[in-house]
Each structure stands twice: as structure tokens, then as C-alpha cells.
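Below is one structure, written out as C-alpha cells; comments come after it.
2 protein chains.
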Amino acid sequence: MSTVDEVETLVTGAMLRGELEPGAWLRQDELARRFGVSKIPVREALQRLAAFGLLRFEANRGAVIPRLTADDAEEIYALRRSIEPQLLKRALPKLSIVDLAEAELALRSGDLVPTEANWSFHRALYQSSGWDRGLRIVELLHAAVAPYVILYTEGLGSAPRSDAEHADILDACRHSDPNAVTMLLRHLDGASNALERFLRDHPSSS
Amino acid sequence: MSTVDEVETLVTGAMLRGELEPGAWLRQDELARRFGVSKIPVREALQRLAAFGLLRFEANRGAVIPRLTADDAEEIYALRRSIEPQLLKRALPKLSIVDLAEAELALRSGDLVPTEANWSFHRALYQSSGWDRGLRIVELLHAAVAPYVILYTEGLGSAPRSDAEHADILDACRHSDPNAVTMLLRHLDGASNALERFLRDHPSSS
DNA sequence: CTGTTCAGTATAGTATACGATTATTCGAAT
DNA sequence: ATTCGAATAATCGTATACTATACTGAACAG
Chain A
1 MSTVDEVETL VTGAMLRGEL EPGAWLRQDE LARRFGVSKI PVREALQRLA AFGLLRFEAN
61 RGAVIPRLTA DDAEEIYALR RSIEPQLLKR ALPKLSIVDL AEAELALRSG DLVPTEANWS
121 FHRALYQSSG WDRGLRIVEL LHAAVAPYVI LYTEGLGSAP RSDAEHADIL DACRHSDPNA
181 VTMLLRHLDG ASNALERFLR DHPSSS
Chain B
1 MSTVDEVETL VTGAMLRGEL EPGAWLRQDE LARRFGVSKI PVREALQRLA AFGLLRFEAN
61 RGAVIPRLTA DDAEEIYALR RSIEPQLLKR ALPKLSIVDL AEAELALRSG DLVPTEANWS
121 FHRALYQSSG WDRGLRIVEL LHAAVAPYVI LYTEGLGSAP RSDAEHADIL DACRHSDPNA
181 VTMLLRHLDG ASNALERFLR DHPSSS
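Residue numbers (the working numbering), protein chains in the order written: chain A, 1 to 206; chain B, 1 to 206.
Structural data, given as C-alpha cells:
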């Protein structure tokens, strides 16, 4: 695994855990020091993430985590709803014991940040689809909304509604029940509505 | 526009025009010399493209244009069929004179490489959707299949079937006819089948 | 007191340099 | 003639170094 890969993993993880707030500037020297490398691999990793809009390079000002508008959230969830059900549909007949165990583990791990646990759960169910591009796109869509999902769930203590839906989906997956796909769609609808409502009520100060 | 952006545009364009064959190695020094810059911005641009799977970095061997399997093509077209109709649907009521003119221009420009003209046409119809992430994802999916589309259309002289479908779609768009969306879907189905058949008949030597 | 100019500082962006890894060449041995 | 291996060349990946741009704050003018 190259240095660039490692830095990318670390930064993506930080985003999924909500450690990088919207509007925050990523100081290249600081990241380089923190990871014990030079700026070069740091910049290359950031460019990868910028390719997906996970952060934005502004000329001579560096990389910033963009603030999302309600429209952004609408787009991101539209993309997720387009792609994720297909990933699940393809993975459903191929789901292994390991996949199911990982999904269950993600559900039980109360210590994880909810957004990271959420992605672990979804990834476990998708990873056997064999569609690497789609999986990667979806991961970064998750990371893009993570900072906001954390904002609106904090205080709620790991949304019980979402947890229940996850459990239901996992149950259906255990029986290779194709209803899992429509349940996933409804689950995404709920998440989408919640986030869009939050963003309209709390417009990020530019 | 930063140096990295320029290099990225040049390399993406080269891919869309099919100037970079599958399996080809991208020599960083050579690209740097060709563009009159150092390796650093070249590598950063390549990392952006690698993020989408448009090329792959192999440890200590550099960046290579991956060969597609029929499964890859299936995934790519599944993603395109998921995303592009939505882009068109959203753009349809907002299509401007300029968008339509650009689309028509792309149809008429017989001198362009077919894959580049094809993307010009589609982009013209999608760009008013306001969904930048989706647009970007779709562009790179186009670029990913371009080398193969060129292979199987060469000799055929700009597939007349596809051209006719484009003309029909454009016509529907002019009247804001929502049928344009289903026509687009069928168009993608046709392209998908053609490419998958080609790849199964001509499996790329690893 | 407010606005503006002008150093000084911090940071980004790119070029150069160099060790590390991989590919290639060429001669020797079978 | 073919294969093996060591020396050479080519290329990558990253660190260091330099330049350019943007931010900060103090001195000054209005």
C-alpha cells in the first residue's frame, strides 16, 4: 500500500467520523507532519478526494471541506438511491457469512461514530457485488454527507429509526429476500428527507 | 485554472479521443516534458483520474490504462443508465438555446473523434441539470469506455444507428418531451449491448 | 475613529534532486 | 542457440528547496 493510499484512507476515515467540519481548511504541512511524510503524497491523496468533490482546491489557498446546500444533499441522495439498490441487488445472491457478520458487527458496535458504523454496514452488504467503481463512488458519497449527518444526529444518540431499518434489511439479506432492496430504498428516502430538512432549517453560513 | 487542472483536462481529452490505448503505460516524465511542467502536477492529475478508475497506479511501475472486461463494461453502463436519465430529466425543463445548439453542433461535427463528439452531445443535454457530481462521474465513465468504443466503431464510420438515436433524442429535447428520457435509456441499452458483445468476442489479452 | 497601504509571515504550488524499484541489455555458461 | 545473472539504464515515489500568492497586523492618512 503506497503512502498516498494510506493518507487517503486516513483522511477519508476522518471525514466519515466527522472529524473534519465543513468549511475547514486542510493544512498540507500539518497533515504531512501528522502522518510523518512530506507534502507530496498528502497533496496527491487530497487530489484523489477532490476528484469526487469530497474537498475542493482553491487556487493558492489550499483544500477546503465544502459546505453542503440542501440541493447538494438532494443530488447526493439521488445518486445513492440510484446506485446502492443495484449494488445490493447484485450482492444479494452472493452474500457470504463474512459479509453478514460484518454487517451485524457494524450494527452492534455502539462505540463507533454513527456515520462510520453506517458506512461499515452498507459496505458489508455491497462489497460482494463485484462493482468496485460503484462501491467507491458510494463510499465517497457517504463521506460527503457524514459531517452533516453527525450534526443532525448528535444529541439524538444514534437514531433508533435508522437502526431498526438496518436490522430489518439485514434480516431480509440473511434470507436472500429481494425485498431487502426496496427496504433499502425506503431507508435511503428517510435519511434523505431528514438531511434535507436539516439543511433547509440550518442553512450553513457560507 | 491550475496546472493540475490543465493536465487533467489534456489527459481526459486524450482518453476520450482514444489516444491512450488500454494497457498503455503513462510515462510521467514524458507527459511532463510534453506539457512543459514537472512531474508533480502530472502525478496529481493522474491521481485524480485514478480515483475514478480511469487509470490505475501500480506500485513502482506507474500508471496504466486498465483493460476492460465485459463485466467492467456491464458495471459502467449500469451506472450510466442509473445516472444519465436522471441528469436529463432534471435538465429537460431548464434546457437553454445554448445547450441545444451545443448538442446539435456535436452531432454535426463529423471531424471530431466519435467518442469525443458523443460526450459533447450528452454533456450538452445534461449540463443544465445542476448536478455537478453526477455530471463529473458520467464524464469519467464515458472516458473509461472510450478506448473500446473507438475500437469497435472504427471501420464502421461513426455508427449511423447511434447518430439517428441522438437526433431523435435532441428532437424530443427541443420540445421538452419527457419521452426523451426513455429514448435515452434505450440508446444506452443499445450502446451497452454493442460494447459487451464486442468485449466478449474480443477478450483483451490481459 | 475608520480606512488604507505596506511590510512580514504563512501557506500553497511547482521544480529539482535523489534513493529505491523495476526493466533491459549483454556476456558467459550450459 | 538458449538461458541465466549481473551490470546498466529507465522510471517511479518522495523529500527537500524555492517561488509565488494570499493572509495579518501595524503604521499612517483622512
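The beta-carbon is built from N, C-alpha and C at its ideal position, and this holds for glycine as well. Keep in mind the model is a prediction, meaning the values are calculated, not measured.
Query: Opposing strand residues paired with L26/A [DSSP bridges]; Result: A63/A
Query: Straight-line Cα distance separating L46/B from A124/A; Result: 29 angstroms
Query: I150/B versus F57/B, M1/B, L112/B and L184/B, residue with shortest Cα-Cα distance; Result: L112/B
Query: Extent of the continuous alpha helix (DSSP H) to which E58/B belongs; Result: Note, E58/B: premise wrong, no alpha helix (DSSP H); beta strand (DSSP E) at R56 to E58.
Query: 8 angstroms Cβ cutoff, A50/A in contact with chain B; Result: yes
Query: Under the three-state DSSP convention, the category F52/B falls into; Result: coil
Query: Backbone CA spacing between D168/B and R197/A [nearest angstrom]; Result: 39 angstroms
Query: L210/B at chain A interface by Cβ criterion, 8 angstroms; Result: One cannot answer for residue 210/B here, as it falls past the ends of chain B, which runs 1 to 206.
Query: Proximity test, Cβ basis, 8 angstroms: G61/B and chain A; Result: Here the sequence assigns Arg to residue 61/B, which means Gly is not the residue at that position. So no, R61/B is outside the interface.
Query: Nearest-angstrom Cα separation, counted from L31/A out to V145/B; Result: 36 angstroms
Query: S128/A to N179/A span [Cα, whole Å]; Result: 18 angstroms
Query: C-beta atoms of E44/A and E44/B nearer than 8 angstroms; Result: yes
Query: Whole-angstrom distance between D171/A and E35/B, CA atom to CA atom; Result: The sequence shown places Phe at residue 35/B, not Glu. Using only the alpha carbons, I get a separation of about 55 angstroms.
Query: Span separating the alpha-carbon of L68/B from that of V4/A; Result: 25 angstroms
Query: CA nearest to the CA of R81/A, picked from L95/A, R200/A, R186/A and A194/A; Result: R186/A
Query: Min CB distance E165/B to chain A below 8 angstroms; Result: no
Query: Cβ of L20/A within 8 angstroms of any chain B Cβ; Result: no
Query: Closest by C-alpha distance to R108/A, when choosing among I137/A, I76/A, P160/A and Q86/A; Result: P160/A
Query: Residues of the stretch 81–99 of chain B with Cβ closer than 8 angstroms to any Cβ of chain A, in chain order; Result: S82, I83 and Q86
Query: Where S82/B falls: helix, strand or coil (DSSP); Result: helix
Query: Beta carbon proximity, D71/B to chain A, threshold 8 angstroms; Result: yes
Query: Within 8 angstroms, strictly: CB atoms of S204/B and P22/B; Result: yes
Query: Beta-carbon proximity list for E139/A, same chain, < 8 angstroms, skipping 5 on both sides; Result: T12, W119 and R123
Query: Contact set for L20/B: own chain, Cβ-Cβ below 6 angstroms, skip 5 residues either direction; Result: A14 and I65
Query: G62/A vs Q28/A beta-carbon contact at 8 angstroms; Result: yes
Query: Assigned secondary structure, D132/B (DSSP; H/G/I helix, E/B strand, else coil); Result: helix
Query: D177/B: first and last residue of the uninterrupted alpha helix (DSSP H) it sits in; Result: Counting along the chain, D177/B falls outside any alpha helix (DSSP H), and DSSP gives it neither H nor E.
Query: First and last residue of the uninterrupted alpha helix (DSSP H) at S120/A; Result: P114 to Y126
Query: Chain A residues whose Cβ lies nearer than 9 angstroms to that of L79/B; Result: S82, I83, Q86, W131, R133, G134 and I137
Query: Contact check, H166/B vs L16/B, beta carbons under 8 angstroms; Result: no
Query: Proximity test, Cβ basis, 8 angstroms: Q47/A and chain B; Result: yes
Query: Backbone CA spacing between L195/B and E154/A [nearest angstrom]; Result: 48 angstroms
Query: Chain B contact for S2/A (CB, 8 angstroms cutoff); Result: yes
Query: Between the CA atoms of L88/A and Y77/A - distance to the nearest angstrom; Result: 16 angstroms
Query: Top-ranked residue by Cα proximity to P114/A, from Y152/A, I137/A and L135/A; Result: Y152/A
Query: Closer than 9 angstroms at the beta carbon, the chain B residues around G53/A; Result: D132, R133 and R136
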